[in-house]
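Position in the sequence shown (first residue = 1) + 277 = our numbering. Where a beta carbon is used, it is the ideal one built from N, C-alpha and C, also for glycine. Since we're looking at a predicted model, the values are computed, not measured.
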Amino acid sequence: MLGVCYYPEHWPEAWWPDDALRMRDMGISFVRIGEFAWSKLEPKRGVYEWGWLDRAIEVLGKAGLKVVLGTPTATPPKWLMDEYPEIAPVDEQGNTRGFGSRRHYTFSSEVYHAESARIVEMLAKRYGNNPAIAGWQTDNEYGCHLTVLSWGKQDLNAFQNYLRKTYQTTDQLNEAWGNVFWSMDVNSFQEISLPILTVTETNPAARLDFWRFQSGQVVAYDKMQCDVIRKHSPGRFITHNFMGFFNEFDHWKLAENLDIASWDSYPVGFTQQFPFSDEEHVKWATTAHPDIASFHHDLYRGVGGGRFWVMEQQPGPVNWAPWNPVPKPGMIRLWTWEALAHGAEVVSYFRWRQAPFAQEQMHAGLNMPGLSELSVGGQEATAVGVELKQLGTLPAFQQAPVAIVYDYEASWITRIQPQGQDFRYHELVFRWYEAVRRLGLDVDFVPPGHDLKNYKLVLVPSLPLVSDQALEAFKRAEAIIIYGPRTGSKTRNFAIPEGLAPGPLRNLLGLRVTQVSSLPPGVVEQVDGKISGTAERWREYVETNSKVLARFENNDAALIQNNNHIYLSCWPDETLLHATMELLVKKTKLNITKLPPHIRLRKRGDLTFVFNYGTKSWAIPKGKKLVMGGPKVPPQGLTIWRN
Ligand code: GAL
Numbered sequence: 278m279l280g281v282c283y284y285p286e287h288w289p290e291a292w293w294p295d296d297a298l299r300m301r302d303m304g305i306s307f308v309r310i311g312e313f314a315w316s317k318l319e320p321k322r323g324v325y326e327w328g329w330l331d332r333a334i335e336v337l338g339k340a341g342l343k344v345v346l347g348t349p350t351a352t353p354p355k356w357l358m359d360e361y362p363e364i365a366p367v368d369e370q371g372n373t374r375g376f377g378s379r380r381h382y383t384f385s386s387e388v389y390h391a392e393s394a395r396i397v398e399m400l401a402k403r404y405g406n407n408p409a410i411a412g413w414q415t416d417n418e419y420g421c422h423l424t425v426l427s428w429g430k431q432d433l434n435a436f437q438n439y440l441r442k443t444y445q446t447t448d449q450l451n452e453a454w455g456n457v458f459w460s461m462d463v464n465s466f467q468e469i470s471l472p473i474l475t476v477t478e479t480n481p482a483a484r485l486d487f488w489r490f491q492s493g494q495v496v497a498y499d500k501m502q503c504d505v506i507r508k509h510s511p512g513r514f515i516t517h518n519f520m521g522f523f524n525e526f527d528h529w530k531l532a533e534n535l536d537i538a539s540w541d542s543y544p545v546g547f548t549q550q551f552p553f554s555d556e557e558h559v560k561w562a563t564t565a566h567p568d569i570a571s572f573h574h575d576l577y578r579g580v581g582g583g584r585f586w587v588m589e590q591q592p593g594p595v596n597w598a599p600w601n602p603v604p605k606p607g608m609i610r611l612w613t614w615e616a617l618a619h620g621a622e623v624v625s626y627f628r629w630r631q632a633p634f635a636q637e638q639m640h641a642g643l644n645m646p647g648l649s650e651l652s653v654g655g656q657e658a659t660a661v662g663v664e665l666k667q668l669g670t671l672p673a674f675q676q677a678p679v680a681i682v683y684d685y686e687a688s689w690i691t692r693i694q695p696q697g698q699d700f701r702y703h704e705l706v707f708r709w710y711e712a713v714r715r716l717g718l719d720v721d722f723v724p725p726g727h728d729l730k731n732y733k734l735v736l737v738p739s740l741p742l743v744s745d746q747a748l749e750a751f752k753r754a755e756a757i758i759i760y761g762p763r764t765g766s767k768t769r770n771f772a773i774p775e776g777l778a779p780g781p782l783r784n785l786l787g788l789r790v791t792q793v794s795s796l797p798p799g800v801v802e803q804v805d806g807k808i809s810g811t812a813e814r815w816r817e818y819v820e821t822n823s824k825v826l827a828r829f830e831n832n833d834a835a836l837i838q839n840n841n842h843i844y845l846s847c848w849p850d851e852t853l854l855h856a857t858m859e860l861l862v863k864k865t866k867l868n869i870t871k872l873p874p875h876i877r878l879r880k881r882g883d884l885t886f887v888f889n890y891g892t893k894s895w896a897i898p899k900g901k902k903l904v905m906g907g908p909k910v911p912p913q914g915l916t917i918w919r920n
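Shown next, in the form of structure tokens:
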């Protein structure tokens, strides 16, 4: 269940056999290689150097390791960029993004599609049936360094074609976008420009279509790679390594072409980047917030249709966050187990050995810079290897009682038109997730429209665009469903729905939203009733004949119930959010364990895992059959019991 990311091309060949044996001895079985190696495989057009990769795969295979081969398309080499400068992406100010790092291509470059297909096909033909190759990773972290959206000439051409297909006539497009406003009507598709560099705000409908289009470009590019690999490498899985808190393309759609989803877990780095309070930033600086990794494990398990890996696990300090503290001792082990508890099939560390050169020389590895000597993270990974052997095969995974409906368009819509600058979709979803996790409940993520049967509680933190499919799934569900602010507030063309929000959910909820108010920092509104707390950032004014469970001070409805459908008309503070979740969970009759902020539980089959992210130990409930760890879980410790 362990893996590692390895760059044989960074080290003398004489080191490879020893590296491979040391990997195997620490319980590693998968090695990902190759994802940035284009210039080493094809140093000049048509000149191929397969020898080193042949030998690297052979060395790894001989040691009994299985290889995940990355396609090298995140790093087109210099000669290719010189030959076709138009491959380079263009930023929002119209500047070409240069060579000298990575991801310097636009998904709309037809030349780059062809060149990628060519190199992927050569690799797939050469290694597709190699017994050491277990699977493939396409490219690397689509969209990293803000590379989903590109704003160049080719992007424009492809966008115009997309619009032609979508709308057929400019009359229909003008109507859909509301171009009559500010005389934005166009007479031909060639007249359409990219929604940038305007005097003031661009039309949100154009912007949303541009985002949909670019998301589709990423999906199409990945599908091209998957098709090539499948043709020449039968029986091998294909994955892609997704990122943390990254919404810029529709991952549900992209994953339809994959066998397994994977993601890159850097909990301390992500904690730095997340808009936590100052106090939280300090508190979780070296352990990471307890839900940061598990949020993504659950999300990507969903995206992968039940199957996921951690392709890159933080092994120590990273180099790319504003500050990069050393994780607390024990955290590398804890994160690994947390991933496995959440159903990860493999946890693969990034990277085997810290590179003493180039951009990531300050980024830890399992071995110290340029040495064959384990780092602290390497020692912890070794300990996990031993523990895994003792524990044996982990039980199969089961559906959680709670589902969160996660929607990529929701994040685009609220970013295009935030209305209040701190209305951040991913933050809202994260906080709702945290609230149910604090009750000891396990969570699945599902796309809108997914069958909600068998869930007891469904959270829809915000879903501005409710599709027919999503509506049907909500209607059929027997779960308690709670919808958050802005749900049903937009049509597909980015307009306010006829009859007002929540649009298609009006009957199900028995309410309509007549006004929305974004609240500047410090402006809050008290909510009381069956629960209490405050609204911050956002509140709505609602007309309803349904049951009102809590009200704002002026008597307006804040929490509204119509049968199993419940609407929360504000951004809740922590108190209000946690009280709301507790109230709803009571209605579902699920068993809860109220947890302190630093403790989390996770079930996998008949095992329950307890994780301690804090500074104080925690006593588990009495009478449990212990499988690992003791009845008192120490800080950064782990206990497992069998139910
Ligand atoms: C990931 C990336 C890796 C490496 C790592 C450093 O985003 O996939 O190639 O850069 O971050 O943390």
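ask   = Which runs of the alpha helix (DSSP H) fall wholly inside the stretch 774 to 799 and span at least 4 residues, in chain order?
value = 783 to 786
query = Taking 7 Å as the cut-off, is the CB of Asn601 close to at least one heavy atom of ligand 1?
reply = no
ask   = Taking three-plus beta-carbon pairs below 8 Å as touching, is the stretch 573 to 591 in contact with the stretch 602 to 616?
value = yes
inquiry  = Under 8 Å: do the stretch 497 to 507 and the stretch 681 to 699 share three or more Cβ pairs, one atom per stretch?
reply    = no
message = Within a Cβ cutoff of 7 Å, which residues of the same chain sit near Gly906, ignoring the five residues on either side of it in sequence?
response = Gly914, Leu915, Thr916, Ile917
query = For Ile843, does the three-state DSSP call read helix, strand or coil?
reply = strand
query = Can you tell me where the beta strand (DSSP E) with Tyr626 in it begins and where it stops?
reply = 624 to 626
message = Using a Cβ-Cβ cutoff of less than 8 Å, which residues in the same chain neighbour Lys730 once the five nearest sequence positions on both sides are dropped?
response = Arg753, Ala754, Glu755
DSSP-derived helix/strand/coil call for Val735 = strand
task = Check whether the Cβ atoms of Pro762 and Ser846 lie closer than 8 Å to each other.
result = yes
CA-to-CA distance, Asp302 to Ala618, given in whole angstroms = 23 Å
inquiry  = When you measure from the CB of Asp541 to every non-hydrogen atom of ligand 1, does any distance come out below 7 Å?
reply    = yes
message = When you measure from the CB of Phe436 to every non-hydrogen atom of ligand 1, does any distance come out below 7 Å?
response = no
inquiry  = I'd like to know whether the C-beta atoms of Trp600 and Gln549 end up nearer to each other than 8 Å.
reply    = yes
ask   = Secondary structure at Met645, three-state DSSP: helix, strand or coil?
value = coil
query = What are the boundary residues of the alpha helix (DSSP H) that Ala411 is part of?
reply = First-last for Ala411: 410 to 414, but that is the beta strand (DSSP E), not the alpha helix (DSSP H).
task = Buried or exposed for Pro604, please, with buried defined as at least 16 other CB atoms from any protein chain shown within 10 angstroms of its CB.
result = buried
Tyr702, enclosing alpha helix (DSSP H) - first and last residue = 702 to 714
inquiry  = My output table needs one value for Trp293: the three-state DSSP class, helix, strand or coil.
reply    = helix
ask   = What are the residues that DSSP puts in a beta bridge with Asp541?
value = Glu589
inquiry  = Going by DSSP in three states, Val720 sits in which element: helix, strand or coil?
reply    = strand
inquiry  = Output needed for Ala673: all residues of its chain with C-beta closer than 7 Å, excluding positions within five of it in sequence on either side, in chain order.
reply    = Gly882
key: Range covered by the beta strand (DSSP E) that runs through Glu813   = 810 to 821
query = So, Ala401 versus Ile506, is the Cβ gap smaller than 8 Å?
reply = yes
task = Measure how close the beta-carbons of Gly280 and Ser625 come, nearest whole angstrom, since I'm counting them as under 8 Å.
result = 3 Å
task = May I ask you to report which of helix, strand or coil DSSP gives Thr463?
result = Reading off the sequence shown, one finds Val at residue 463, where the question assumed Thr. In the structure shown, Val463 sits in coil (DSSP, three-state: anything other than H, G, I, E or B).
request  = Compare the C-alpha of Met608 against each of Cys282, Arg380, Pro912, Arg816 and name the closest.
outcome  = Pro912
ask   = Where do the ends of the beta strand (DSSP E) carrying Cys282 lie?
value = 279 to 282
inquiry  = At a cut-off of 7 Å, would you count Phe547 as near ligand 1, judging by its Cβ distance to the nearest heavy atom?
reply    = no
message = Taking 8 Å as the threshold (beta carbon to beta carbon), is Arg301 in contact with chain B?
response = In the structure shown, chain B cannot be found, because there is only a single protein chain.
inquiry  = Taking the straight line between their C-alpha atoms, what separation do you get for Asp555 and Gly799?
reply    = 16 Å
task = Just tell me which of Gly347, Glu749, Arg879 has its CA closest to the CA of Thr415.
result = Gly347
task = State whether the stretch 518 to 526 contacts the stretch 488 to 497, with contact taken as three or more CB pairs (one from each stretch) at a distance under 8 Å.
result = yes
message = Once the 5 residues before and after Ile515 are set aside, which same chain residues still bring their CB inside 6 Å of it?
response = Trp413, Cys503, Ile506, Leu535, Asp536
ask   = So what's Asp448 in DSSP terms, helix, strand or just coil?
value = helix
request  = Work out the CA separation of Pro544 and His566 for me, nearest whole Å.
outcome  = 8 Å
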